[in-house]
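Under the numbering used here, the residue at position 480 of the sequence shown is numbered 566, and the numbers go up by one with no gaps.
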Amino acid sequence: MLQTLKKATEEVLREISEEKKIRKTGEVFLLFSLGSQFDHLIKQKLDALGIFCLVADPAAVTADDVKKVAPAGIILSGGPASAYEMPPFDGKIFDLEIPVLGICLGFQMWAYHIGVPVVPSDKREFGTHKFTLTGKTALFDKVPEISEVLESHGDRIEPDKKLIIIGNTENAPAAAAQHKNLYGVQFHPEVTETEYGGKILENFCFQICGAKDRFPAEEIARKKIADLQEKIGNKKVLLALSGGSDSSVVAYLLKCATEARVPLADRHNNKKPASGQPAPDNKKNSGAAQGEPLPPQILGVYIKGIDRPDDEANVIKYFDNQPWLKVKVVDATGEFLEALKSKISMRDKRLAMRGIYKEVLEREAEDFGADFIAQGTLYTDVSESGGGYDSGAKKAQIKIHHNVNLGFSLPEIEPLIDCVKDTGRNIGRFLGVPEVLLVRHPFPGPGLIVRIEGEVTAEKLAIARNIDGIYIEELRNWALYETLWQAGAVVTNSVTTCTKGDDAAEGYVIALWAVWSVNGFTARSAELSYEFLKHVSRRITNEIREVGAITYRISDKPPTTIEWG
Numbered sequence: 087m088l089q090t091l092k093k094a095t096e097e098v099l100r101e102i103s104e105e106k107k108i109r110k111t112g113e114v115f116l117l118f119s120l121g122s123q124f125d126h127l128i129k130q131k132l133d134a135l136g137i138f139c140l141v142a143d144p145a146a147v148t149a150d151d152v153k154k155v156a157p158a159g160i161i162l163s164g165g166p167a168s169a170y171e172m173p174p175f176d177g178k179i180f181d182l183e184i185p186v187l188g189i190c191l192g193f194q195m196w197a198y199h200i201g202v203p204v205v206p207s208d209k210r211e212f213g214t215h216k217f218t219l220t221g222k223t224a225l226f227d228k229v230p231e232i233s234e235v236l237e238s239h240g241d242r243i244e245p246d247k248k249l250i251i252i253g254n255t256e257n258a259p260a261a262a263a264q265h266k267n268l269y270g271v272q273f274h275p276e277v278t279e280t281e282y283g284g285k286i287l288e289n290f291c292f293q294i295c296g297a298k299d300r301f302p303a304e305e306i307a308r309k310k311i312a313d314l315q316e317k318i319g320n321k322k323v324l325l326a327l328s329g330g331s332d333s334s335v336v337a338y339l340l341k342c343a344t345e346a347r348v349p350l351a352d353r354h355n356n357k358k359p360a361s362g363q364p365a366p367d368n369k370k371n372s373g374a375a376q377g378e379p380l381p382p383q384i385l386g387v388y389i390k391g392i393d394r395p396d397d398e399a400n401v402i403k404y405f406d407n408q409p410w411l412k413v414k415v416v417d418a419t420g421e422f423l424e425a426l427k428s429k430i431s432m433r434d435k436r437l438a439m440r441g442i443y444k445e446v447l448e449r450e451a452e453d454f455g456a457d458f459i460a461q462g463t464l465y466t467d468v469s470e471s472g473g474g475y476d477s478g479a480k481k482a483q484i485k486i487h488h489n490v491n492l493g494f495s496l497p498e499i500e501p502l503i504d505c506v507k508d509t510g511r512n513i514g515r516f517l518g519v520p521e522v523l524l525v526r527h528p529f530p531g532p533g534l535i536v537r538i539e540g541e542v543t544a545e546k547l548a549i550a551r552n553i554d555g556i557y558i559e560e561l562r563n564w565a566l567y568e569t570l571w572q573a574g575a576v577v578t579n580s581v582t583t584c585t586k587g588d589d590a591a592e593g594y595v596i597a598l599w600a601v602w603s604v605n606g607f608t609a610r611s612a613e614l615s616y617e618f619l620k621h622v623s624r625r626i627t628n629e630i631r632e633v634g635a636i637t638y639r640i641s642d643k644p645p646t647t648i649e650w651g
């Protein structure tokens, strides 16, 4: 799938057309990511609205490219630069008469482009402020006259006759304004601190830009449920359940399809559940001939060994003790370690992991008597693995996915195979999947093995798991987790001399990292505070005796990849 628009070549336009088909839409929006730490939240908000939003590279995309893509609307994010320093961007895009929403720096850029003064402010605004509406516009439809917004800017836009002022804050007389097709806000509608930010983004897409298409999550969910009911019937399904968003959505689809089973005594009377309906109250349909509940048709297998410390806890919390699903935790640590012996390259380690993943699922499927194996495989997984387009043309293999082309002995069920990450999430939202499962940080399929340099040993695996637990816990404690696209810790091969107590010792050097990103294709190293990093470093070195030193990676992507390997 196309991750970031750089040039509107014929191949790129074909890819956009293909994704429109997958998303059931004829519309696309462009998000020019200017480097704000909140960029990924804009994408998340638009995804939740059912909007197809494509990230665009401001340094590469020209007005001619935009004309070829023909977006319904354009959004420019905030960023650390100043408008009068002019970040790389083709200003002719503002003149295309396509609706534009500029956020913070994005607003300053179009204001500067049309000749409105943008100056350093004597009174900068950071944090939450009261925003007062002073004009009427569809952008603020159903937004009250006074509301809380989050601002983070040191420059201000001066009132000017070219602007229609829509609202202000204490130190920003033009906190929201319009000029023809250009709309701007000096605050961040994408963050939760802005009370009506989601409504403002929705108004821009559907009222200002006139978008008609939302991803039809309900319609598609019902169709998938009906298809699953037809395919599964009363047969058994083993589900590879990781607790991430994709497998959680598949779990709920299977729930809706199988909870609608009629009691055993009624099956002989050819009674069938209504096709494609989300599951009714389980108590009404769970009684067997003697009034006993039917055993679950679904076995959710959680494979333990190379997982994060909170993954298993999430699976137990949200899926165990459910009448429609039996959860089984399989500790495959020993099997993974045996397969990973002497494996140094990341490709070899990924292949070794795939083999064990398949073996465990095959074995558990046989013990359960499963008729199908279900996975949360996405269209993007297949695409990155070299899958073809509609035309059959092959793509390059970007990486080896653990869940693609495994050749199971049983038929596979992959309900999200025609979905991308955010459309799958929207199906999950309709089905009632807990939001916490849908918006967790991405985590690689091969697990912690990509966060361990060199050969994976039991000691390194335990260290990696314990460090991840401390790091993520502290990111949540300091309210940083949701501001990041992803964060992790790597056990490097480097060893340093250290002192623990009165003795000299040696310990591993650990590399912490965290990134801001919109889609993972490009990323900036997150500028976490020294105070936070010092606190985490103390905890890790105090609590994990094998660790000798902590470093923090400051490289961006490119050239660095997000994951270590």
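We put the CB at the ideal spot given by N, CA and C, even for glycine.
As assigned by DSSP and simplified to three states, the class of residue i
i	result
residue 188	strand
residue 712	In the structure as shown, the chain starts at 87 and stops at 651, and residue 712 therefore has no counterpart that could be examined.
residue 642	coil
residue 168	coil
residue 233	strand
residue 409	coil
residue 396	helix
residue 527	coil
residue 40	Outside the shown range of the chain, which is 87 to 651, sits residue 40, and nothing can be said about it.
residue 294	helix
residue 419	helix
residue 583	strand
residue 96	helix
residue 599	strand
Counted within 10 angstroms of its Cβ, other Cβ atoms place residue i as buried (16 or more) or exposed
i	result
residue 101	buried
residue 649	buried
residue 310	buried
residue 376	Legend: pLDDT at residue 376 = 48, less than 50; position of this residue unreliable, value from coordinates given subsequently. Looking at its Cβ environment, which holds fewer than 16 other Cβ atoms inside 10 Å, residue 376 is exposed.
residue 616	exposed
residue 172	exposed
residue 653	Nothing in the structure corresponds to residue 653, since the chain is present only between 87 and 651.
residue 341	buried
residue 186	buried
residue 242	buried
residue 296	exposed
residue 455	exposed
residue 417	exposed
residue 397	buried
residue 653	Because the chain spans 87 through 651 in this model, residue 653 falls outside it and cannot be assessed.
residue 578	buried
residue 305	exposed
residue 320	exposed
residue 178	exposed
residue 558	buried
residue 307	buried
residue 640	exposed
residue 652	With the chain covering 87 to 651 only, the question about residue 652 has no answer from this structure.
residue 157	buried
Spatially closest choice to residue i from the options, by CA coordinates
i	options	result
residue 303	123, 519, 173	519
residue 600	583, 577, 626, 572	572
residue 526	328, 579, 409, 498	328
residue 181	452, 217, 149	149
residue 431	158, 539, 176, 132	539
residue 419	551, 195, 402	551
Short Cβ contact (8 Å threshold) for residue i with residue j
i	j	result
residue 440	residue 121	no
residue 415	residue 405	no
residue 534	residue 392	yes
residue 499	residue 323	yes
residue 237	residue 273	yes
residue 129	residue 604	yes
residue 228	residue 285	yes
residue 501	residue 314	yes
residue 635	residue 595	yes
residue 244	residue 205	yes
residue 429	residue 494	no
residue 504	residue 189	no
Heavy atom of the ligand GDP within 7 Å of residue i beta-carbon
i	result
residue 181	As far as ligands go, the structure on display features none, and thus does not contain the ligand GDP.
Inset, instruction - Examine the Cβ distances between the stretch 314 to 334 and the stretch 263 to 273 and report whether three or more of them are shorter than 8 Å. - result: No, they do not touch.
Inset, instruction - Determine, using beta-carbon pairs with one atom in the stretch 220 to 237 and one in the stretch 249 to 263, whether at least three such pairs fall under 8 Å. - result: They touch, by the three-pair rule.
Legend entry - Meets three-Cβ-pair contact criterion under 8 Å: the stretch 108 to 126 and the stretch 161 to 170: Taking 8 Å as the limit for Cβ pairs, the verdict is that the stretch 161 to 170 does touch the stretch 108 to 126.
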